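Trainee: Got a structure for you, questions after.
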């Protein structure tokens with residue numbers, strides 16, 4: 001997960017609560033959105049963080 005731009009703490013939180021299969025599905029969906037130009041590559045990490053904040057896995061920073 002660190003290879004996707006997440007820091008070590010974020011990667012550990014996600015790995016502890018998310019199934020690898022579900023993470024792989026999310027990455028596939030992310031790549032498809034980038035291919036369809038619905039999401040810019042430079043915003044992909046923010047997208048991943050937002051998804052996991054909405055799931056309650058990563059804390060929301062105020």
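Residue numbers (full-length UniProt numbering): 1 to 62.
Note that CB positions come from ideal geometry on N, CA and C, so glycine has one too.
These figures come from a predicted structure and were not determined experimentally.
What separation, rounded to the nearest whole angstrom, lies between the Cα atoms of residue 11 and residue 52?
Mentor: Along the chain shown, read from residue 1 onward, the residue named residue 11 stands at position 11. Along the chain shown, read from residue 1 onward, the residue named residue 52 stands at position 52. Answer to the nearest angstrom: the Cα atoms are 11 Å apart.
Trainee: Mind checking which residues open and close the alpha helix (DSSP H) that includes residue 38?
Mentor: Translated into positions along the chain shown, residue 38 becomes position 38. Element bounds for residue 38: n/a, residue is neither H nor E.
Trainee: Spatial neighbours of residue 41 within its chain, please: CB distance less than 7 Å, with the 5 preceding and 5 following residues excluded, ordered by chain position.
Mentor: By 1-based counting over the chain shown, the position of residue 41 is 41. Cβ within range, chain order: 34.
Trainee: How far does the alpha helix (DSSP H) with residue 54 in it extend, from its first residue to its last?
Mentor: As a working mapping, residue 54 is identified with position 54 in the chain shown. That run of the alpha helix (DSSP H) goes 44-54.
Trainee: Report the rounded CA-to-CA distance for residue 25 versus residue 45, giving the unit in angstroms.
Mentor: For this step, residue 25 is matched to residue 25 along the chain shown. For this step, residue 45 is matched to residue 45 along the chain shown. Spanning the two alpha carbons is a distance of roughly 15 Å.
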